[in-house]
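Undergrad: In our numbering, the protein residues as written are 14 to 897.
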């Protein structure tokens, strides 16, 4: 027994000698360490190595996967530990030459963090190669599938119960990312996803934030990805956001050579087009054959058809929210397109790697070679260009700033014969945007935007003498949006905006003073708009999601200006001169909106919606030309009431064949108040009393929209069909009887297919069939003082011929998908079978020999025949595109 005690004493003595030989855990020694967004266990390992410190902890109790950032230069280890462990609920203590880490406990002995039942995981989702935010990426818990989507800046927030979780992040065309965490405190986890290099990228048609359904976490919009846009054959062989809208049910394109489009029975000026949150008023180049944004500058576009969330407003029919590229945060690169009608080049790269980047893109028309094919004496000059630039800088994890600039300019000159006077038109768009993202906490995110946007339009009667008519609209605005992830079932959105608007309804300029003294001056208009909105997305149980909110716009008209007042016969009865910045009219129009989604499972969803919208600015024009018309933007005032629309809709979507196909159907009914109409033979150009030419009534529309899309595999595409009607009733027009709107086109069918035969060859086609637009044609003639005068019956009693067109595209990619340098050659044929789709009709009379005669020649017998005018026949294009 004594011998056993002796051995025990010697073992204890040896054990104590061993630990006495270990280095003391000196937490006051100074070390330098710089690590960013690394797991806690990796940071502790580095500290242990640099300071010869031994840590002891249980990985099951300590969130060792939680990422932390540490920047210390010759700082005490104790101070470093205090900084990185603050807020984690972890405490440390030196016990027997070891630094022991454990969760803090309350006075009752229960770990403090266990007293909370849930915590929030938040962060950003980005492209690993470029650092670009992946808008709409899905972030969810791998076992419960509870999830959310990343917002327009890539930020997400998700509240989960305390304990271990597998976080999964997915995005179409990217490899999934996952990370296992022990959630014992709020954590920041960002995902950098790697793009897939496969034979065929999946084309994405996203409804409501998730592929193929009215997502309970989505916002009801359609997302157009660059991959989808690149596979659509369009004029000139370039991706085109505006022209690509025609594949979405409920959106009618005007037709050839036009950027105009109509949504659910609304006019073309009821569509709001945003570039990084700033409005663009004329989205067209080359009379509408090209859109204003260079395709390489677009990150993605989201489309809303009337039922847009409460943070959008100011238009009645749609919002096209386009996000410009931020620029590559990792490495320098360039891309471009060389084509027969337009060519462009883009540059991007880091200013400070992983913190700031730039993007610069320019495009110029190359179409003037066509004038050498001109055999007439008319000389014309067509040109356009645009510039897109963007800077962004990540100040820290909680703050990031963006600066966006856009400028586009179009010019068309024409001179006939030996004329010394050149006439033509010109328009330009300008936008400058500053944005600041700020993360207050894991649950509160904000974005503040300040922007200036301007649009000018000129009609030149003499370029040499600088004689022209001009109109313009400009805006200066500031707004702040907040997103508060209140709890797992409620996401609040709130914001406010202040905007100053200035419009020139149209004035003339002459280079000599005699005309200046005689010409009338059209008063300019100035207005202020204040908007407050509040909305909530609420999950009610497992299957229901309710999105509701209200938008509160207040409009004020300001001086100085002159205001004309009219009587019931539209004659001027008074003129008031407003001095200074006095408010002479104001309007307040609340806009409630509610959306209910029922999703019994992941494959089916049912949506019902009601929304009201108000529009305070509108284009006054009687033109039905597809080209850029003489655009006059007018604001709400004493003679123009704010236009409003109310819409109800019911939709259903279903995923088929293991989510390979998506079917959706949606019906809507929409009614408009204070709809603007025009008296017969209205004088809209350079008229100080233009408001007296207006008539007001009501309008309504209804329809059914169907779509079947295939989103995966070598063959992708969609079939979209819309049946809809749009009617107008104005007491002083058409004898007060209802008539179809010009844009009432009952049937609209679009078939878009793309086939990737292998990594090099891609074939795509697009076929469109649309009912002809409603027009007014004469029903007879009568003779008066030697003239034959047409007799018109009901308004819009006739229709243009049915519009249909087939576009085909073949693209060959020279490089392998994983190569750094990508380049391809594409052949696009616009209007393959050369159909002449008319956009207007003139009525002429011919004699018995088939020769045209002028209407004033009354000799002989004549027959009335229509003569149609169309834009063009078949138009081929070959383009070389490259990217590095």
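Glycine included, C-beta positions come from ideal geometry on N, C-alpha and C.
Leaving out five residues before and five after residue 351 in sequence, what residues of the same chain have Cβ atoms less than 6 Å from its Cβ?
TA: Counting only Cβ-Cβ distances below 6 Å, and skipping sequence neighbours, we find 893.
Undergrad: Which same chain residues end up closer than 8 Å to residue 834 when comparing Cβ atoms and leaving out the 5 residues on each side of it in sequence?
TA: If we look at residue 834 and ignore the five residues flanking it on each side, its Cβ neighbours are 828, 895, 896, 897.
Undergrad: Along the chain, where does the alpha helix (DSSP H) that runs through residue 256 open and close?
TA: Element bounds for residue 256: 254 to 257.
Undergrad: Run the CB neighbour count on residue 595, radius 10 Å, all protein chains shown included, and call it buried at 16 or more, exposed below.
TA: By the 10 Å Cβ count, residue 595 comes out exposed.
Undergrad: If you count every other CB in all the chains shown that lies within 10 Å of the CB of residue 573, and 16 or more means buried, which is it?
TA: The residue in question, residue 573, is exposed, as its Cβ has fewer than 16 Cβ neighbours within 10 Å.
Undergrad: Could you check which residue in 645, 627, 633, 647 has the C-alpha nearest to that of residue 659?
TA: Ranking the options by Cα distance to residue 659, first place goes to 627.
Undergrad: Which partner residues of residue 733 appear in the DSSP bridge assignment?
TA: Paired residues: 720, 763.
Undergrad: Could you give the distance in angstroms between the alpha-carbon of residue 302 and the alpha-carbon of residue 191?
TA: Near 44 Å, if we compare the C-alpha coordinates of residue 191 and residue 302.
Undergrad: Name the two residues that bound the continuous alpha helix (DSSP H) containing residue 46.
TA: That residue, residue 46, is in no alpha helix (DSSP H); its beta strand (DSSP E) goes 43 to 52.
Undergrad: Which two residues bound the contiguous alpha helix (DSSP H) that contains residue 95?
TA: Residues 90 to 98.
Undergrad: In angstroms, rounded to a whole number, what distance separates the CA positions of residue 523 and residue 718?
TA: Whole-angstrom Cα-Cα distance: 51 Å.
Undergrad: Which one of 39, 155, 779 has the shortest CA to CA distance from residue 823?
TA: Among 39, 155, 779, the Cα nearest to that of residue 823 belongs to 779.
Undergrad: Assuming the contact rule is C-beta atoms closer than 8 Å, residue 375 and residue 418 should be a hit. Round their C-beta distance to whole Å, please.
TA: In fact, because the Cβ distance is near 12 Å, the residues do not count as touching under 8 Å.
Undergrad: What is the DSSP secondary structure of residue 490, reduced to helix, strand or coil?
TA: Looking at residue 490 - three-state DSSP - the assignment turns out to be strand.
Undergrad: Can you say whether residue 117 is buried or exposed, counting buried as having 16 or more other CB atoms within 10 angstroms of its CB?
TA: By the neighbour-count rule (16 or more Cβ atoms within 10 Å), residue 117 is not buried but exposed.
Undergrad: Would residue 4 be called buried (16 or more neighbouring beta carbons within 10 Å of its own) or exposed?
TA: The requested residue 4 does not occur in the structure, where the chain is confined to residues 14 to 897.
Undergrad: Hey, out of 483, 714, 663, 457, whose CA is closest to residue 505's CA?
TA: If we check each option's Cα against that of residue 505, 457 comes out closest.
Undergrad: Please state whether DSSP places residue 344 in a helix, a strand or coil.
TA: Three-state DSSP puts residue 344 in coil, outside helix and strand.
Undergrad: Scan the segment 394 to 452 and note each continuous beta strand (DSSP E) run of 3 residues or more that stays entirely inside, going in chain order.
TA: Taking only runs of at least 3 residues, the beta strand (DSSP E) segments lying wholly in the segment 394 to 452 are 412 to 429, 436 to 452.
Undergrad: If you draw a straight line from the alpha carbon of residue 889 to that of residue 732, how long is it in whole angstroms?
TA: Going by the C-alpha atoms only, they are around 25 Å apart.
Undergrad: Can you tell me whether residue 425 is buried or exposed, with buried defined as 16 or more other CB within 10 angstroms of its CB?
TA: With 16 or more Cβ atoms within 10 Å of its Cβ, residue 425 is classed as buried.
Undergrad: Nearest-angstrom Cα distance between residue 5 and residue 250?
TA: Since the displayed the chain opens at 14 and closes at 897, residue 5 lies outside it and no answer follows.
Undergrad: Suppose contacts are defined by Cβ-Cβ distances below 8 Å. Is residue 730 in contact with residue 767 by that definition?
TA: Yes. Within cutoff.
Undergrad: When the Cα atoms are used, what is the spatial distance from residue 887 to residue 770?
TA: Cα to Cα, residue 887 sits roughly 26 Å from residue 770.
Undergrad: Taking 8 Å as the threshold, find out whether the segment 735 to 755 comes into contact with the segment 275 to 285 through three or more Cβ pairs.
TA: A contact exists between the segment 735 to 755 and the segment 275 to 285.
Undergrad: Counting along the chain, where does the beta strand (DSSP E) carrying residue 315 start and finish?
TA: Note, residue 315: beta strand (DSSP E), 311 to 317.
Undergrad: Excluding the 5 residues flanking residue 373 on each side, which residues of the same chain have their C-beta closer than 6 Å to its C-beta?
TA: Contacts found: 360, 402.
Undergrad: Verify whether the separation of the beta carbon atoms of residue 204 and residue 182 is less than 8 Å.
TA: In this structure, residue 182 lies closer than 8 Å to residue 204 by Cβ.
Undergrad: Considering only residues of the same chain and omitting the five flanking positions on each side of residue 845, which have a CB-CB separation below 6 Å?
TA: Hits under 6 Å: 819, 821.
Undergrad: Does residue 382 pass the burial test, meaning 16 or more other C-beta atoms within 10 Å, or should it be called exposed?
TA: Looking at its Cβ environment, which holds fewer than 16 other Cβ atoms inside 10 Å, residue 382 is exposed.
Undergrad: List the DSSP bridge partners of residue 369.
TA: Residue 369 pairs with 365, 406.
Undergrad: Report the partner residues of residue 323 according to the DSSP bridge assignment.
TA: In the DSSP output, where bridge partners are listed per residue, residue 323 has none listed.
Undergrad: Please go through the same chain and pick out, in chain order, the residues whose beta-carbon is closer than 8 Å to the beta-carbon of residue 35, but skip the five residues on each side of it.
TA: Low local confidence applies: a pLDDT of 40 at residue 35 is under 50, so the model's placement there is unreliable, with the coordinate-based value given in what follows. The answer, listed in chain order, is 67, 110.
Undergrad: Between residue 502 and the rest of its own chain, which residues show a CB-CB distance below 8 Å, the 5 nearest in sequence each way excluded?
TA: Cβ neighbours of residue 502 beyond the five flanking positions: 551, 552, 553.
Undergrad: At what residues does the alpha helix (DSSP H) containing residue 243 begin and finish?
TA: From DSSP, the alpha helix (DSSP H) with residue 243 extends over 239 to 243.
Undergrad: How about residue 335 and residue 287: are their beta carbons less than 8 Å apart?
TA: Yes, these two residues count as a Cβ contact at 8 Å.
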